[in-house]
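K.L.:
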Amino acid sequence: MVELVPSLLRQELGRLAAVDERLDGRGRWEGRGVTLETNCLYNAEGSAKVTIGGTIVYAGVKFEIRAPWPDRPTQGSLMCGAELRPVAHVKYEPGPPSPESIELGRVVDRGIRESGCIDMDDLCIVPGEKVWGIMIDIHVLSDQGNIFDACGLAAIAALRTAIVPAQRFDVGEDYTLKVNGTPIMASFTRVGGRFIYDPSEQEELGGDERIHITLGDEGHVHSLQKGLKGVFTPAEFAEIFEVAQQRCAELRNLVAEQEGN
Amino acid sequence: MGGYGDVQLLREDGKRLDGRALDEMRPVSIEVGVLPAAQGSAMVTHGLNVAVAAVYGPMEAHPRKIQRQDRAVIDVRYNMAPFSTSDRIRPGFNRRSQEISKVTAEALESVVLVELYPRSKIRVEIEILAAEAGTRCAGITAATAALADAGIPMRDLMIGVASGKIENIVVLDLDKAEDNYGQADLPAGILPNTGEIAFLQMDGDLSPDEFNLAMEYNFKAAREIHDIMVNALKQKQQRGEA
Amino acid sequence: MSNGHSGAEQRLVTPGEALGSSSGLRNGSGVVERNGKFFSTKFGYMKNVNSTISVVPTHSSYMPQSGDFVIGYIVEVRSNLWFLHINGPFQGLLPMSLAPWKVEFGESRKHLDIGDAVFARVQEVDESHNVVLTMKGVGLRKIAEGAVEAFPSHLIEIFLGKQNANLQKMREHTNARIIATDNGQIWFDGDVQAMRNVRDLLMQFKGCLNGSELQSMIDNALN
Chain L
429 MVELVPSLLR
439 QELGRLAAVD
449 ERLDGRGRWE
459 GRGVTLETNC
469 LYNAEGSAKV
479 TIGGTIVYAG
489 VKFEIRAPWP
499 DRPTQGSLMC
509 GAELRPVAHV
519 KYEPGPPSPE
529 SIELGRVVDR
539 GIRESGCIDM
549 DDLCIVPGEK
559 VWGIMIDIHV
569 LSDQGNIFDA
579 CGLAAIAALR
589 TAIVPAQRFD
599 VGEDYTLKVN
609 GTPIMASFTR
619 VGGRFIYDPS
629 EQEELGGDER
639 IHITLGDEGH
649 VHSLQKGLKG
659 VFTPAEFAEI
669 FEVAQQRCAE
679 LRNLVAEQEG
689 N
Chain S
796 MGGYGDVQLL
806 REDGKRLDGR
816 ALDEMRPVSI
826 EVGVLPAAQG
836 SAMVTHGLNV
846 AVAAVYGPME
856 AHPRKIQRQD
866 RAVIDVRYNM
876 APFSTSDRIR
886 PGFNRRSQEI
896 SKVTAEALES
906 VVLVELYPRS
916 KIRVEIEILA
926 AEAGTRCAGI
936 TAATAALADA
946 GIPMRDLMIG
956 VASGKIENIV
966 VLDLDKAEDN
976 YGQADLPAGI
986 LPNTGEIAFL
996 QMDGDLSPDE
1006 FNLAMEYNFK
1016 AAREIHDIMV
1026 NALKQKQQRG
1036 EA
Chain V
2 MSNGHSGAEQ
12 RLVTPGEALG
22 SSSGLRNGSG
32 VVERNGKFFS
42 TKFGYMKNVN
52 STISVVPTHS
62 SYMPQSGDFV
72 IGYIVEVRSN
82 LWFLHINGPF
92 QGLLPMSLAP
102 WKVEFGESRK
112 HLDIGDAVFA
122 RVQEVDESHN
132 VVLTMKGVGL
142 RKIAEGAVEA
152 FPSHLIEIFL
162 GKQNANLQKM
172 REHTNARIIA
182 TDNGQIWFDG
192 DVQAMRNVRD
202 LLMQFKGCLN
212 GSELQSMIDN
222 ALN
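Residue numbers (our numbering), protein chains in the order written: chain L, 429 to 689; chain S, 796 to 1037; chain V, 2 to 224.
1) Near residue 816 (chain S), what residues of its chain come up, given a Cβ to Cβ distance below 7 Å and the 5 sequence neighbours on each side ignored?
2) Hey, residue 70 (chain V) and residue 77 (chain V) are a contact pair by Cβ (cut 8 Å); roughly how many whole angstroms apart?
3) Can you check the segment 67 to 97 of chain V for any alpha helix (DSSP H) of at least 4 residues that lies completely inside it and give the ranges in chain order?
4) Can you confirm whether residue 577 (chain L), when its beta carbon is compared against all beta carbons of chain S, has any partner nearer than 8 Å?
5) Ignore the nearest five residues each way along the sequence and tell me which others in residue 639 (chain L)'s own chain have a CB closer than 6 Å to its CB.
6) In chain order, what are the residue ranges of uninterrupted beta strand (DSSP E) at least 3 long that sit wholly in the segment 985 to 1015 of chain S?
7) Is residue 563 (chain L) buried or exposed, if buried means 16 or more other CB atoms sit within 10 Å of its CB?
8) Thinking just about the alpha-carbon of each residue, which of V:60, V:14, V:23, V:30 is nearest to the one in residue 211 (chain V)?
9) So that I know if they touch, is there some Cβ in chain V lying closer than 8 Å to that of residue 1036 (chain S)?
10) Does residue 134 (chain V) come out as helix, strand or coil in the three-state DSSP assignment?
11) What whole-angstrom Cβ distance do residue 999 (chain S) and residue 978 (chain S) have, given they're in contact under 8 Å?
12) Taking the alpha-carbon of residue 868 (chain S) as reference, which of S:936, S:932, S:906, S:930 has the nearest alpha-carbon?
13) Return the CA-CA distance between residue 1012 (chain S) and residue 967 (chain S), expressed in angstroms with no decimal places.
14) Against chain S, with Cβ distances strictly below 8 Å, would residue 443 (chain L) count as a contact?
15) Suppose you measure from the CA of residue 50 (chain V) to the CA of residue 463 (chain L); what does that come to, to the nearest Å?
16) Going along the chain, which residues of its own chain have a beta-carbon closer than 6 Å to the beta-carbon of residue 962 (chain S), five neighbours each way excluded?
17) Is the beta carbon of residue 381 (chain L) less than 8 Å from the beta carbon of residue 441 (chain L)?
18) Tell whether a beta-carbon distance below 8 Å holds between residue 118 (chain V) and residue 74 (chain V).
19) Taking 8 Å as the threshold (C-beta atoms), are residue 950 (chain S) and residue 16 (chain V) in contact?
20) Restricting to runs no shorter than 4 residues, where is the alpha helix (DSSP H) found entirely within the segment 511 to 571 of chain L?
21) Based on the DSSP output, what are the partners of residue 959 (chain S) in its beta bridges?
22) Quick one: grab the DSSP three-state call for residue 899 (chain S).
23) Span of the alpha helix (DSSP H) holding residue 124 (chain V)?
24) Assuming residue 997 (chain S) and residue 1008 (chain S) are in contact, meaning their beta carbons sit under 8 Å apart, how far apart are those beta carbons, in whole angstroms?
25) Rounded to a whole number of angstroms, what is the C-alpha to C-alpha distance between residue 576 (chain L) and residue 613 (chain L)?
26) Residue 590 (chain L) and residue 489 (chain L) look like a contact to me (Cβ under 8 Å); what is the Cβ gap, rounded to whole Å?
27) Please list the partners that residue 855 (chain S) has in chain V, where partner means a Cβ-to-Cβ separation under 8 Å.
28) Any Cβ of chain V within less than 8 Å of the Cβ of residue 866 (chain S)?
29) Give the single residue among V:33, V:32, V:45 whose Cα lies nearest to the Cα of residue 1032 (chain S).
30) Quick check on residue 857 (chain S): buried or exposed, where buried means 16 or more other Cβ atoms within 10 Å of its Cβ?
31) Under a Cβ-count criterion, where at least 16 other Cβ atoms within 10 Å of its own Cβ denotes burial, should residue 188 (chain V) be classed as buried or exposed?
32) Would the segment 885 to 903 of chain S and the segment 120 to 139 of chain V be scored as touching if the rule is three or more Cβ pairs under 8 Å?
33) Between the Cα of residue 663 (chain L) and the Cα atoms of L:507, L:648, L:622, L:682, which residue gives the shortest distance?
34) Suppose the cutoff is 8 Å on Cβ atoms and the five residues either side in sequence are ignored; what does the same chain contact list for residue 593 (chain L) look like?
35) Buried or exposed: which applies to residue 797 (chain S), given that a residue is buried once 16 or more other Cβ atoms fall within 10 Å of its Cβ?
36) Could you name the residues that DSSP lists as bridge partners for residue 58 (chain V)?
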């Protein structure tokens, strides 16, 4: 279903932007409240639930044993997928995975993969014969804006709690998956002409292009995605890149705090 | 039912492996209004099963060919999340989910006052986040609570429960081992106030007497879950002070 | 209180719940009769007004009725009519003949395009649930400025108050122009501060659990 964009909403967002205000009263670079809960799915080997405002996302990690690719006999694999099922919003329709859900899964996948937090050689069981395949499935249950950041956070938090089920597959004792880093995503949407952090549902509806930035522990960028119609300048990017550094560091602390408990 | 009759499912003291009595159900908890984007929603935890349901509508029914001139159609999707079982489920088309969705929709159409909303559609989305035998029943219970939360008129609250047979003995609410190695499973959607049955499936082997006892257990459990649901609905209206 | 939102003594009921004997009483919305007894069909508050028992749901979707004042959004433009989203189970249709302008055939888009909002009235809901809208009447027009927020449609009556008393207080308090419609839409316009005032109030009011709580929230915020 193509969502109706009310002309009044776009007009009002422009009016608010002119005085640097937002619909819900937040500052331009202010995020909504975030909660993170881990080990919350009984049958997953690692799991997390993230809420950002009214957005709710679950991620679950599963393992399988497979044969390695012939050219990489010691390397396992990682795959991350997202489903935008109709449970999450009236706008989502049943059917095969939409381009939107494929994009979402792939952007989260790249951020985790390219950060190098999983050493694929760690996933080798018998070189040339058996390696672990890790699958992170992300399930969006309620979309009230900025599902990208929620999915990114849920995926890495779930991965960081994962236990490799070696016993069930008869290849040794269970052990904690080694994860070297916490890549975090920060998303920005152009609303009323300027970029804002953590768009709400209304801001996404009445906004324009979006930019997703995934940063590693050292602040290095590991994945970028520009989506939807619109263009931006290097100066605009420089500004949000700086904000992303702060917001990602805060969320990384949240993951660390959760793990400390 | 696998028919693995030789697996021991009852202890020497006559209780089940998890310590439950024959007519004892697993713990059930219900929370209403859990999904902010939905018009109505609920989460049901039944033993280790976790089912979430969202309701959207009534809304204009599209495509037009699914419209009914005399009533609303209920469009149910029952789906198991990929991580809900010990072996990952590949997302996509699934015969089992399609069948459960169909009969659940028909059961709900017998409970919701669909004739009040001709030509429209009510969407009911059931997502299973953790599965440990009995997900269709947890899904029915979640769907009902979500419909009530959305203000959709219904004749009664439909409760999903199952009884079955293990080691030739009828028991209430099979867990995973009992479901895998038991001899029968009888899931039902029960209307505790009217005393009617709107959803019924069964597989395995039951004598007429065993069937009657299994249904008796189902009705008993449905009344218990009904009270939990009423409490959960009222709690939401009283900010958890009930 | 005659509006049935009288607070603590209200009985919260669930679908299928027995509400007592039907003798000498009539059943209203959300109540059915079976074998001389009333049963609730909705989750909500039971009320008895003039011997009619009904249940006011805690949550409900808008059902269009003839005479309703609504805000609608254009979703489809045809050469001789517009289709509008009116927040209900059926789309509304606005024929060219009921628009306030003289529209040449095929020029409907010049007046109202997709995404535009209008104040309209429900002219009729026919037996096959076609909802015909009209823009002929006082105050019915295209909405060119301000903002619209959704609000639970079954609480609009309380939001307005008796003889619009609540609405009037809100207008004075926020310094904004405010209009609330039957289909659960609230339009408001004013300067930036006035808009912020209205938004803050609406955000607070949307957290209410029922009509009586909304009334006390309004009393607290505006007195």
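Glycine included, every Cβ here is placed at the ideal spot set by N, Cα and C.
P.N.:
Quick answer:
1) These residues qualify, in order along the chain: 810.
2) Not quite, the Cβ-Cβ distance comes to about 22 Å (not below 8 Å), so this is no contact.
3) Within the segment 67 to 97 of chain V, no run of alpha helix (DSSP H) reaches 4 residues while sitting entirely inside it.
4) Among the CB atoms of chain S, none fall inside 8 Å of the CB of residue 577 (chain L).
5) Non-local beta-carbon contacts of residue 639 (chain L) in its own chain, meaning distances under 6 Å to residues more than five positions away in sequence, involve 616, 654 in chain order.
6) Taking only runs of at least 3 residues, the beta strand (DSSP E) segments lying wholly in the segment 985 to 1015 of chain S are 991 to 995.
7) With 16 or more other Cβ atoms inside 10 Å of its own Cβ, residue 563 (chain L) counts as buried.
8) Closest by C-alpha distance to residue 211 (chain V), out of V:60, V:14, V:23, V:30, is V:60.
9) Interpretation of residue 1036 (chain S) is limited by its pLDDT of 49, a score under 50 that renders its predicted location unreliable; the figure taken from the coordinates is listed afterwards. Chain V contact via Cβ: absent.
10) Assigned with DSSP and collapsed to three states, residue 134 (chain V) falls in strand.
11) Correct: roughly 5 Å between the Cβ atoms.
12) Nearest in C-alpha terms to residue 868 (chain S), of all of S:936, S:932, S:906, S:930, is S:906.
13) Straight-line Cα distance between these residues: approximately 6 Å.
14) Not closer than 8 Å to any Cβ of chain S, the Cβ of residue 443 (chain L) fails to qualify, so no.
15) So the alpha carbons of these two residues sit roughly 45 Å apart.
16) Around residue 962 (chain S): 804, 805.
17) An answer regarding residue 381 (chain L) cannot be provided, because it is not within the stretch 429 to 689 covered by chain L.
18) A contact, by the Cβ cut-off of 8 Å.
19) Result yes, Cβ atoms of residue 16 (chain V) and residue 950 (chain S) sit closer than 8 Å.
20) Qualifying alpha helix (DSSP H) stretches, in chain order: 527 to 542.
21) Per DSSP, the beta bridge partners of residue 959 (chain S) are S:966, S:980.
22) Correct three-state label for residue 899 (chain S): helix.
23) Not the alpha helix (DSSP H): residue 124 (chain V) falls in the beta strand (DSSP E), residues 118 to 126.
24) Actually they do not touch by this definition, with Cβ atoms about 14 Å apart.
25) Inter-residue distance for residue 576 (chain L) and residue 613 (chain L) is about 8 Å (C-alpha atoms, whole angstroms).
26) With a Cβ gap of about 4 Å, residue 590 (chain L) and residue 489 (chain L) count as contacting.
27) Taking a Cβ-Cβ cut-off of 8 Å, the neighbours of residue 855 (chain S) in chain V comprise 90, 91, 92, given in sequence order.
28) Not an interface residue.
29) When each option's Cα is compared against that of residue 1032 (chain S), the closest is V:45.
30) Residue 857 (chain S) is exposed by the Cβ-count criterion.
31) With 16 or more Cβ atoms within 10 Å of its Cβ, residue 188 (chain V) is classed as buried.
32) Segments in contact, no.
33) Just measuring C-alpha positions, the residue of L:507, L:648, L:622, L:682 sitting nearest residue 663 (chain L) is L:622.
34) Leaving aside the five residues that flank residue 593 (chain L) on each side, the residues in its chain whose CB is nearer than 8 Å to its CB run, in chain order, 473, 491, 602.
35) Note that residue 797 (chain S) has pLDDT 49, beneath the 50 cutoff, so the model's placement of it is unreliable and no number is given.
36) In DSSP, residue 58 (chain V) forms a bridge with V:45.
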